[in-house]
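Written below as structure tokens is the structure these notes are about.
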Amino acid sequence: MKNNLLSSGLAIAILMISCNAKKQNLNVVKPIPPVVEIVDPPGAPPKQWKEHWFEHVQLLNRVLYNGSVVVYYDDAVSRSITWPSTYMAEAWEYTKKTYGQFGSDPKLYVIYHTGKYGGGHPSTYMDAGHDFRNVTDCGKNESNAWSTGTGNDIDLSTHEIGHIVEGAAKGVHGSPAFDIWHDSKWMEIYQYDVYLGLNRTDDATRWFAMMNAGTDSYPRANTHWFKDWFYPIYNGYGKSAVLNKFFTLLAEHFPKTTFNNGVTTYPEYSRKMNFGEFVHFWSGAAGTDLKTLALNAFGNKDEKGNDWTVQLTTAKSTFSSITY
107 MKNNLLSSGL AIAILMISCN AKKQNLNVVK PIPPVVEIVD PPGAPPKQWK
157 EHWFEHVQLL NRVLYNGSVV VYYDDAVSRS ITWPSTYMAE AWEYTKKTYG
207 QFGSDPKLYV IYHTGKYGGG HPSTYMDAGH DFRNVTDCGK NESNAWSTGT
257 GNDIDLSTHE IGHIVEGAAK GVHGSPAFDI WHDSKWMEIY QYDVYLGLNR
307 TDDATRWFAM MNAGTDSYPR ANTHWFKDWF YPIYNGYGKS AVLNKFFTLL
357 AEHFPKTTFN NGVTTYPEYS RKMNFGEFVH FWSGAAGTDL KTLALNAFGN
407 KDEKGNDWTV QLTTAKSTFS SITY
């Protein structure tokens with residue numbers, strides 16, 4: 107009996123010690139691991155960028171970057187959206203492969219806004235307004251903007267890259283044809299080519315159907331820019347090569363001056379082109395006389411009512427080194 111009591115007492119004591127030990131373990135506070143700050147490598151793009159253009163005043167945060175693009179979101183854009191780092195990189199690299207480099211920085215700076223700034227705008231490495239960077243800045247008013255990475259998400263984004271091409275191709279600042287094709291019939295064929303070049307067959311088919319059905323009021327009512335002008339040139343005379351050659355011929359032959367952006371000096375087109383010159387330069391790019399195609403697509407008058415066929419005769423004399 108005495109032994110049993112001793113054994114029972116010993117067991118209770120052991121159990122109490124064990125319970126106390128468990129209670130003590132539960133109260134142990136583990137040390138907080140040290141905070142490790144991720145340090146950017148030398149030359150990394152800034153983590154934040156304060157907007158200072160137009161009505162834009164957002165503090166942008168860098169969310170993704172690689173060797174091709176730097177992606178910035180304002181605070182309203184969902185951080186779960188990651189497609190721009192892939193798609194915009196692919197579109198930018200294809201654009202440089204087709205039209206050449208755009209400045210010494212190989213990256214495109216991509217900005218997105220949610221719930222504000224509906225639409226988009228570009229800037230080029232030649233312009234001080236966006237800190238001498240190639241930029242696409244796009245916004246949508248919807249609260250779930252940019253969530254799909256399809257349809258208008260990529261259409262608007264690609265459109266703005268095209269403006270960088272027309273505004274800075276071949277190292278010359280400006281777009282002599284802008285007053286003719288506006289904002290922008292050129293972009294319709296540029297985007298079609300990008301989608302084809304990236305093997306995005308569904309997007310190319312979708313885009314072709316929309317553009318082929320489109321009409322405009324300039325230079326005359328019911329003009330089919332894509333169907334009757336750009337697509338026939340593209341499809342019949344070299345696809346991306348003919349698009350690129352137009353800008354090559356502009357840089358080689360169209361009048362230029364210089365401008366200083368506050369840091370350095372670049373060549374800049376000194377004037378806009380007239381419609382006859384427009385047809386002449388596209389004929390040179392295609393390597394064939396496009397006068398008949400232009401007459402069928404546009405009639406013989408420009409938006410101001412001038413007979414561009416007369417202008418074409420002068421353009422052939424002025425830019426006689428462009429042959430076809």
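Here our numbering is used: the first residue of the sequence shown is 107, the next is one more, and so on. All C-beta atoms, glycine included, are put in the ideal place defined by N, C-alpha and C. As the structure is a prediction and not an experimental result, all values here were calculated from the model.
Let's test the definition: count the other Cβ atoms within 10 Å of the Cβ of residue i and tell me whether it reaches 16, buried, or not, exposed.
i: I144; result: exposed
i: P361; result: exposed
i: N258; result: exposed
i: Q207; result: exposed
i: N240; result: buried
i: L302; result: buried
i: M379; result: buried
i: G173; result: exposed
i: V416; result: exposed
i: L396; result: buried
i: Q154; result: exposed
i: G268; result: buried
i: K128; result: Its pLDDT being 45, under 50, K128 is placed unreliably by the model, and the measurement read from it follows with that caveat. It counts as exposed.
i: M316; result: exposed
i: L355; result: buried
i: P147; result: exposed
i: T264; result: buried
i: K156; result: exposed
i: V163; result: exposed
i: A400; result: buried
i: K422; result: buried
i: F291; result: Phe is not the amino acid found at residue 291; the sequence shown has Lys there. Flag for K291 reads buried.
i: D233; result: buried
i: V177; result: buried
i: F353; result: buried
i: C125; result: Its pLDDT being 43, under 50, C125 is placed unreliably in this model, and the coordinates cannot settle the point.
i: T201; result: buried
i: F160; result: exposed
i: G449; result: In the structure displayed, the chain extends from 107 to 430; residue 449 sits before or after that span and is not available.
Hey, could you find the ends of the alpha helix (DSSP H) residue i is sitting in?
i: H191; result: Note on identity: in this sequence residue 191 is Ser, with His being the wrong assignment. Unbroken alpha helix (DSSP H) run through S191: P190 to Y205.
i: N167; result: Segment L165 to Y171 is the beta strand (DSSP E) holding N167; no alpha helix (DSSP H) there.
i: I267; result: N258 to A274
i: P338; result: Y337 to G342
i: W414; result: W414 to T424
i: S290; result: No alpha helix (DSSP H) holds S290; DSSP gives it neither H nor E.
i: S253; result: From DSSP, S253 is part of no alpha helix (DSSP H); its letter is neither H nor E.
i: E358; result: S346 to H359
Sort out for me which residues DSSP pairs residue i with in a bridge.
i: T364; result: P373
i: T329; result: D322
i: S229; result: V241
i: T220; result: K246
i: L214; result: V175
i: H386; result: Partner(s): none; H386 has no beta bridge.
i: H279; result: E374
i: H162; result: W159
i: W407; result: Residue 407 is actually Lys in this sequence, not Trp. DSSP, once it has assigned bridges, lists D413 as partnering K407.
If you follow the beta strand (DSSP E) that residue i is part of, which residue opens it and which one closes it?
i: W155; result: Q154 to K156
List the whole-angstrom C-beta distance separating residue i from residue j, where the pair is believed to meet the contact cut-off of C-beta under 8 Å.
i: Y340; j: L349; result: 7 Å
i: A357; j: V271; result: A357 to V271, Cβ: 12 Å. No contact.
i: Y179; j: P151; result: With 8 Å as the limit, Y179 and P151 do not qualify as a contact, their Cβ atoms being about 14 Å apart.
i: E409; j: P325; result: 5 Å
i: P228; j: G273; result: 7 Å
i: Y431; j: A403; result: Because the chain spans 107 through 430 in this model, residue 431 falls outside it and cannot be assessed.
i: L214; j: T242; result: 7 Å
i: S249; j: G221; result: 6 Å
i: I260; j: Y205; result: Going by Cβ atoms, the distance from I260 to Y205 rounds to 19 Å, so no, they are not a contact pair.
i: W287; j: Q297; result: About 13 Å; that fails the 8 Å criterion.
i: L418; j: V385; result: 6 Å
i: F365; j: Y372; result: 6 Å
i: H219; j: V175; result: At roughly 17 Å, the Cβ-Cβ gap does not stay under 8 Å, so H219 and V175 are not in contact.
Measuring from the CB of residue i, is there a heavy atom of the ligand MG at a distance below 7 Å?
i: V177; result: Looking at this structure, you won't find the ligand MG or any other ligand, since it has none at all.
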